[in-house]
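Read through the structure below, which is laid out as structure tokens, and then see the notes.
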Amino acid sequence: MKEMRRDGQGFIIKQAGPEDAALVLEFIQKLGIYQKMRDKVVAQEQDLQALLASGAGEAIFGTLEDEAVAFLYYYQIAPGLLGKKGLYIDVFYVEEPHRGTGLGRKMMRYMAQLALERGCERLEWVCLDWNEPAIDFYKNLGGNAMDIMTTYRLPPDKIQELAVSEA
5 MKEMRRDGQG FIIKQAGPED AALVLEFIQK LGIYQKMRDK VVAQEQDLQA LLASGAGEAI
65 FGTLEDEAVA FLYYYQIAPG LLGKKGLYID VFYVEEPHRG TGLGRKMMRY MAQLALERGC
125 ERLEWVCLDW NEPAIDFYKN LGGNAMDIMT TYRLPPDKIQ ELAVSEA
């Protein structure tokens, strides 16, 4: 992990590297458990290592006294409707004892600063509709829910099926 930003109170944001793939996976699994979707986490350590090494995915850890207590996995997007770059937060997790202490806000502030540094005009994420604490947190940041859209997803078997189908 490469140190990025200190807050003066012992909280350090560090950029994850490919060598941190095991810890990245651990935090993704923690979020899966929290969201009651642990069985949906199919990523393997080598998958995450490859994503981090290629730059297709990036991650940061929030640490206190050299212990990772917050985690965020993100990647760059380029929405055609906007015609500008953006950052998409795919996984965001703060350990239970540290929720409500301001560490999550510091992580999101870092992401806002990074978005500006990269010339991005969009910072977005999704949140499960039952997760009231997260919804309140995001609303307090000024986030707007995009209730006008439904997310659709093709799983690997359906991608394969569609790719080989006749027009």
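The numbering of the sequence shown is the numbering used here, which starts it at 5 and goes up by one.
Every residue gets a Cβ at the ideal spot worked out from N, C-alpha and C, and that includes glycine.
These numbers were taken from a predicted model, which means no experiment stands behind them.
Within the DSSP bridge table, the entry for Val98 names Ala74 as partners. CA-CA distance, Lys143 to Pro137, rounds to 10 Å. Rounded to the nearest whole angstrom, the C-alpha separation of Trp134 and Val95 is 16 Å. In this structure, the straight-line span from the alpha carbon of Ile17 to that of Glu23 is close to 17 Å. Annotated three-state conformation of Leu158 is coil, per DSSP. Three or more beta-carbon pairs separated by less than 8 Å are not found between the stretch 24-39 and the stretch 78-87, which leaves the two stretches without contact. Burial check for Ala20: the Cβ neighbour count within 10 Å reaches 16 or more, so the residue is buried. Contact between the stretch 48-56 and the stretch 96-108 is not established, with fewer than three Cβ pairs separated by less than 8 Å. The beta carbon of Ser58 sits closer than 8 Å to none of the beta carbons in its chain outside the five residues before and after it. Burial check for Ala25: the Cβ neighbour count within 10 Å reaches 16 or more, so the residue is buried. Note on geometry: alpha-carbon atoms of Val28 and Asp161 lie some 26 Å from one another. For Glu62, the enclosing beta strand (DSSP E) begins and ends at 62-68. Residue burial is scored here from C-beta neighbours: Gly14 has fewer than 16 other C-beta atoms within 10 angstroms and is therefore classed as exposed.
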